């Protein structure tokens, strides 16, 4: 069995092993990391060999850490990263390059349609009708997108949302509200087989699925990094946040929104807890504009999207695609029966 895990912001960890009578055998660790002293490598191999194949990540990491000689230095990886690679191997997880990725970047959709498309396209990947896909959202009207489990009345000031023309919609993933003013954010969705993140914790999978974004932002001069659990950040504060939904048919939806240029004062009037959230993320004044992508790059939003696409395509070889007529019809039906209904939007009053 073979497993790989690219440590976010770090190095590639590669493991090969066999499972014999319920135990790990013939274990070998490799990768482009740095490890001192040299003789620590066979000690790690020896520590993992013989472990029960159903050992959890914490048990594997503890075995690796316990085998390290005093003063050992690990650069670009950790015992936890070795454990993730082992679990991915045993779970027969796949890697990015195991798939033929597709890219959808088309014209604006309504907020309700965006969310319906997320559900439909994730289902299509899970059913094997669509190849794994990255979709860049476009829309030209304001909206608040609340998480699946958020309270509508606690999260949104309905009067101010109506006053400023913000439609309130609910997505299928958890997490917090997204304040989506027209053309002021950069949003994308990844629709992938769950095997891509097999063997990872939810926390590990968030950073793993967004690492290409960190690479793209760094290429634009932003000192970007991932802030657990699900924030894309920089030394100047939060840039965006991600959310996930795992479907029963073996697919994962991962989507994220990054702020390009946002009216912070308007956000605090529409979102009831906007002021507290902004303060927690390093924004001292709710009245200022929240514009990390615009201010830190000086680039138009379209150029930032172009860089994101170029980075993803360069890393994973995505080819252009589009929403099929059947996918659009299914999404329109979901808008009618689910995403536009008061029952769905108010499922948590």
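Numbering (the UniProt record's numbering), first residue to last: 1 to 349. Where a beta carbon is used, it is the ideal one built from N, C-alpha and C, also for glycine. Owing to the predicted nature of the structure, the values given are computational and were not obtained by experimental measurement.
Helix, strand or coil at residue i [DSSP, three-state]
i, result
"residue 27", "strand"
"residue 65", "helix"
"residue 235", "coil"
"residue 45", "helix"
"residue 244", "strand"
"residue 284", "Residue placement at residue 284 is poorly supported in this model, since its pLDDT is 46, which falls under 50; the coordinates still yield a value, given next. In the structure shown, residue 284 sits in coil (DSSP, three-state: anything other than H, G, I, E or B)."
"residue 337", "helix"
"residue 3", "strand"
"residue 225", "strand"
"residue 16", "strand"
"residue 106", "coil"
"residue 116", "helix"
"residue 36", "strand"
"residue 308", "helix"
"residue 329", "helix"
"residue 94", "coil"
"residue 324", "coil"
"residue 345", "helix"
"residue 132", "coil"
"residue 297", "helix"
"residue 253", "strand"
"residue 75", "strand"
"residue 271", "strand"
"residue 143", "strand"
"residue 8", "coil"
"residue 55", "coil"
Contacts around residue i, its chain only, beta-carbon distance under 8 Å, and the 5 residues preceding and following it disregarded
i, result
"residue 96", "196, 315 and 316"
"residue 300", "none"
"residue 109", "117, 137, 138 and 139"
"residue 51", "23, 24, 59, 60 and 63"
"residue 82", "13, 15, 29, 44, 48, 60, 61 and 64"
"residue 32", "11, 12 and 76"
Beta carbon of residue i nearer than 8 Å to that of residue j
i, j, result
"residue 191", "residue 132", "yes"
"residue 258", "residue 169", "no"
"residue 18", "residue 2", "no"
"residue 337", "residue 253", "no"
"residue 245", "residue 304", "no"
"residue 224", "residue 217", "yes"
"residue 117", "residue 318", "no"
"residue 213", "residue 308", "yes"
"residue 67", "residue 46", "yes"
"residue 136", "residue 188", "yes"
"residue 204", "residue 86", "no"
"residue 151", "residue 349", "yes"
"residue 126", "residue 250", "yes"
"residue 40", "residue 69", "yes"
"residue 107", "residue 10", "no"
Neighbourhood of residue i by C-beta distance below 6 Å, restricted to the same chain and skipping five residues each side
i, result
"residue 327", "120"
"residue 30", "14"
"residue 44", "29, 64 and 67"
"residue 296", "222"
"residue 347", "none"
"residue 248", "none"
Close beta carbons around residue i, own chain, < 7 Å, minus the five adjacent residues each side
i, result
"residue 210", "226, 232, 242 and 256"
"residue 89", "1, 2, 3, 15 and 17"
"residue 281", "Residue confidence is low: residue 281 scores 49 on pLDDT, short of 50, so the model does not pin down where it sits. Its coordinate-derived value is still stated next. Excluding sequence neighbours, residue 281 sits near 237 and 238."
"residue 240", "232, 256, 257, 258 and 259"
"residue 194", "246, 250, 251 and 252"
"residue 160", "269 and 270"
"residue 26", "17 and 18"
Contact belief for residue i with residue j at Cβ below 8 Å, rounded distance in angstroms
i, j, result
"residue 144", "residue 235", "Actually they are not in contact, since the Cβ atoms of residue 144 and residue 235 sit about 28 Å apart, beyond 8 Å."
"residue 53", "residue 80", "Actually they do not touch by this definition, with Cβ atoms about 18 Å apart."
"residue 72", "residue 37", "7 Å"
"residue 115", "residue 339", "5 Å"
"residue 199", "residue 91", "4 Å"
"residue 238", "residue 164", "The pair is not a contact, with the Cβ atoms about 22 Å apart (cut-off 8 Å)."
"residue 272", "residue 155", "6 Å"
"residue 113", "residue 331", "6 Å"
Residue i Cβ short of 7 Å to the ligand ADP heavy atom set
i, result
"residue 41", "With respect to small molecules bound, the structure shown includes none, and the ligand ADP cannot be examined in it."
Contact with chain B by residue i, beta-carbon distance below 8 Å
i, result
"residue 12", "Chain labels in this structure do not include chain B; a single protein chain is all it has."
Within the stretch 164-216, ranges of the alpha helix (DSSP H) (whole runs, at least 4 residues): 202-209
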